[in-house]
Amino acid sequence: MNKKIAITNSGILILFFLCIKLYAQGIEFHGRTTNSIYTYETDKLHTRAYQFIRFELKHKSYRNICLNTSMRFLTDMNQNLSSDLRYKMYVLNLSLKKLLNNRMDLVIGRQFLHPGTVLGGLDGVFTKFTVSKHISLNLYGGVESHLLRSMKIYKTNDALTIGGLFQIQKIFSSKLQLLYLQKNSNNGAYWQIAGINFENRILPHIQFTIQSHYDLINSRFHRLLFSAKYYLARKMFFSLGYKSQYPQVYSNSFFTIFEPEAYRQYKLSCSYKILKDYFVSGQFQFIKFDTETANRLFLTLYNNNGSIGCILESGYAGSQLGVMFDYLYELTPDLIASVNVDYSRYRLEKVYQFENQVSNAARLTYKFNRMLQFVLEYQWLTNRYKKQDSRLLNHIHFSW
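In short: position in the sequence shown from 1, add 82, done, that's this note's numbering.
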């Protein structure tokens with residue numbers, strides 16, 4: 083363990099001197115690196131060390147060209163891991179901005195996209211063309227990023243992904259998006275999703291959003307969403323919403339692989355400003371799964387530092403009074419305490435990566451300076467091996 087920490091400290095010094103050398107050559111090198119060590123138990127004891135690095139590299143004379151990278155390295159002291167698990171490449175791309183008289187942006191390589199609908203990782207090309215301040219067009223194509231975010235790249239015949247997004251905005255306080263997404267496997271196209279997103283604030287005190295995405299191959303709505311917010315007064319607003327989501331093969335973000343459940347959700351909420359920086363909110367949700375239903379009632383208090391609330395749930399999996407807590411507090415200018423707690427029963431998605439199935443965590447963060455932070459974190463969670471599990475982590479963050 084001490085050897086691993088020594089290696090990390092050496093790595094920080096190397097990065098520091100590398101930044102100085104590159105800066106002297108007119109190259110800007112900014113980023114963040116993290117070393118995390120923790121121990122947990124499943125069927126046997128594991129001690130794992132993560133190294134995560136994210137940076138961007140550009141030359142002062144060519145600020146519109148930037149190399150972007152985000153990657154993670156993993157070592158298990160008690161188990162040999164395959165290269166697909168040890169090395170993850172989340173982002174590796176070259177971005178070129180403000181081409182063609184500031185009208186075109188281009189990104190080539192591995193990137194994360196949400197072009198009006200959930201897409202996730204793409205190994206390919208993305209371009210945005212700005213026609214005017216109101217109209218823009220996005221086009222992208224390539225292959226879906228590897229499920230495990232390994233260094234591997236899928237073949238075009240196995241994971242071809244193409245699509246586009248046409249957007250009109252800032253006209254009559256509205257934004258309109260027309261989108262198309264197609265995914266192919268070796269058996270041909272299995273997704274052809276055409277959709278529309280619309281946001282409007284033209285009516286006094288009212289804001290509403292509509293999303294309608296239709297799966298052309300399977301002849302069904304892939305996603306339906308409607309939400310409306312009405313500001314009754316400066317201190318109070320009501321919101322009404324409906325959402326229907328069909329399960330995706332998988333949907334992904336930078337670090338988490340998850341799959342939404344098939345569900346329909348109806349919700350009604352009200353928020354009231356009780357003090358200068360304090361709000362109280364109540365929300366009722368009715369959720370319909372394939373064959374079961376569930377009810378959820380939230381009561382939450384918010385301020386600038388976070389929220390604390392309780393949740394009353396009932397349905398096919400039984401009833402429960404739970405708590406949801408997401409709050410941080412500055413103990414001193416350099417020491418911050420934070421807590422995240424989610425004791426709820428009904429989930430709307432499945433998470434496939436063990437290290438991301440965290441429901442509850444308590445952290446202490448100490449800032450040595452603007453570049454170096456130390457975090458001590460305790461997590462307790464649910465995983466596929468045990469109903470309850472816990473682990474203690476430490477993180478060292480270095481930013482430059």
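Cβ coordinates follow ideal geometry from the N, Cα and C atoms, glycine included. Keep in mind the model is a prediction, meaning the values are calculated, not measured.
Let's see if you can read the secondary structure: which residues bound the beta strand (DSSP E) around A376?
Along the sequence shown, one-based indexing puts residue 376 at 294. Start and end: T375 to N385.
Distance between R445 and L181 (C-alpha atoms, nearest Å)
Numbered from 1 along the sequence shown, position 99 holds the residue referred to as residue 181. Numbered from 1 along the sequence shown, position 363 holds the residue referred to as residue 445. Spanning the two alpha carbons is a distance of roughly 44 Å.
The region 154 to 166 in contact with the region 184 to 195 per 3-pair CB rule at 8 Å
At 8 Å Cβ cutoff, the stretches do not touch.
Does DSSP put T199 in a helix, a strand or coil?
Taking the first residue of the sequence shown as position 1, residue 199 is located at position 117. When secondary structure is reduced to three states using DSSP, T199 falls in the coil class, being assigned neither helix nor strand.
Skipping 5 residues on each side, what residues in its chain have a beta carbon closer than 7 Å to that of V423?
Indexing the sequence shown from 1 puts residue 423 at position 341. Same-chain partners within the cutoff: V405, M406, F407 and N442.
Give me, in chain order, the residues of the same chain whose beta-carbon lies closer than 8 Å to that of V189; leave out the 5 immediate sequence neighbours on both sides.
The residue you call residue 189 lines up with position 107 of the sequence shown. Excluding residues within five positions, the ones whose Cβ falls inside 8 Å are N175, L176, S177, L178, V207, F208 and T209.
Could you please give the first and the last residue of the uninterrupted beta strand (DSSP E) stretch that includes D408?
Stepping through the sequence shown from its first residue, residue 408 is reached at position 326. Its beta strand (DSSP E) spans residues Q402 to T414.
Between which two residues does the alpha helix (DSSP H) holding R168 run?
Residue numbering aside, residue 168 sits at position 86 when the sequence shown is read from its first letter. Segment S165 to R168, the alpha helix (DSSP H) holding R168.
Would A376 be called buried (16 or more neighbouring beta carbons within 10 Å of its own) or exposed?
Counting from one through the sequence shown, the residue named residue 376 turns up at place 294. Answer is buried; the Cβ neighbour count reaches 16.
Between which two residues does the beta strand (DSSP E) harbouring L156 extend?
Position 74 of the sequence shown, counted from the first residue, corresponds to residue 156. Here the beta strand (DSSP E) through L156 covers Y144 to D158.
What is the DSSP secondary structure of W462, reduced to helix, strand or coil?
In the sequence shown, counting from the first residue as 1, residue 462 sits at position 380. DSSP places W462 in strand when its eight states are reduced to three.
Throw me the rounded Cβ distance for the G277 and H295 pair, which I believe falls under 8 Å.
Locating residue 277 in the sequence shown gives position 195, where the first residue counts as 1. Locating residue 295 in the sequence shown gives position 213, where the first residue counts as 1. Indeed they touch by this definition, with Cβ atoms about 3 Å apart.
Mapping the DSSP letters down to three states, classify N279 as helix, strand or coil.
For the purposes of this step, residue 279 is taken as residue 197 along the sequence shown, with counting starting at 1. Looking at N279 - three-state DSSP - the assignment turns out to be strand.
Could you give the DSSP three-state label for D372: helix, strand or coil?
Counted from its first residue, the sequence shown places residue 372 at position 290. Of the three classes helix, strand and coil, the one that applies to D372 here is coil, per DSSP.
Between the C-alpha atoms of G388 and N183, what's the straight-line distance to the nearest angstrom?
For the purposes of this step, residue 388 is taken as residue 306 along the sequence shown, with counting starting at 1. For the purposes of this step, residue 183 is taken as residue 101 along the sequence shown, with counting starting at 1. One C-alpha to the other measures close to 43 Å.
To the nearest whole angstrom, what separates the beta carbons of G198 and Q251, a pair I think is in contact under 8 Å?
Residue numbering aside, residue 198 sits at position 116 when the sequence shown is read from its first letter. Residue numbering aside, residue 251 sits at position 169 when the sequence shown is read from its first letter. Between G198 and Q251, the beta carbon gap of about 12 Å keeps them out of contact (Cβ cut-off 8 Å).
Leaving aside the five residues before and after K237 along the sequence, list all residues of the same chain whose C-beta is less than 8 Å from its C-beta, in chain order.
Taking the sequence shown and counting its residues from 1, one reaches residue 237 at position 155. If we look at K237 and ignore the five residues flanking it on each side, its Cβ neighbours are V225.
Compare the C-alpha of M318 against each of R378, G364, N282 and Y460 and name the closest.
Residue 318 sits at position 236 when you count from the first residue of the sequence shown. It is G364 whose Cα lies nearest to the Cα of M318.
Per the DSSP calculation, Y262 is bridged to which residue(s)?
As a position in the sequence shown, residue 262 is number 180, starting the count at 1. Paired residue(s): G246 and A276.
Are there 16 or more other CB atoms within 10 angstroms of the CB of L242, so buried, or fewer, so exposed?
Against the sequence shown, residue 242 aligns to sequence position 160. Classified as buried, L242 has 16 or more neighbouring CB atoms from the shown chains inside 10 Å of its CB.
How close, in whole Å, do the beta carbons of R346 and Y328 come, if the pair is a contact with beta carbons under 8 Å?
As a first step, residue 346 is located in the sequence shown; it is residue number 264 there, counting from the start. As a first step, residue 328 is located in the sequence shown; it is residue number 246 there, counting from the start. So it is not a contact: roughly 10 Å between Cβ atoms.
Taking all protein chains shown into account, decide if V213 is buried (16 or more other Cβ within 10 angstroms of its Cβ) or exposed.
Position 131 of the sequence shown, counted from the start, is the residue given in the question as residue 213. V213 comes out exposed.
For R429, I'd like the list of residues in its chain whose CB is within less than 7 Å of its CB, leaving aside the five on either flank, ordered along the chain.
Translated into the one-based positions of the sequence shown, residue 429 becomes position 347. Hits under 7 Å: none found.
Looking only at its own chain, which residues have a Cβ that is under 6 Å from the Cβ of F336, when we skip the five neighbours before and after it?
Locating residue 336 in the sequence shown gives position 254, counting from the first residue. For F336, the pLDDT reaches just 44, beneath the cut-off of 50, and the residue's location in the model is therefore unreliable, leaving the point undetermined.
Since F248 contacts L204 with CB under 8 Å, what's their CB separation in whole angstroms?
Mapped onto the sequence shown, residue 248 falls at position 166. Mapped onto the sequence shown, residue 204 falls at position 122. Wrong, their Cβ atoms sit about 18 Å apart, outside the cutoff.
Chain-order list of residues whose beta-carbon lies under 8 Å from that of K234 (same chain, five-residue window excluded):
If you number the sequence shown from 1, residue 234 lands on position 152. The answer, listed in chain order, is D166 and H228.
Using a threshold of 7 Å, state whether the C-beta atoms of Y132 and L149 are closer than that.
Along the sequence shown, read from residue 1 onward, the residue named residue 132 stands at position 50. Along the sequence shown, read from residue 1 onward, the residue named residue 149 stands at position 67. No, the Cβ-Cβ distance between Y132 and L149 is not below 7 Å.
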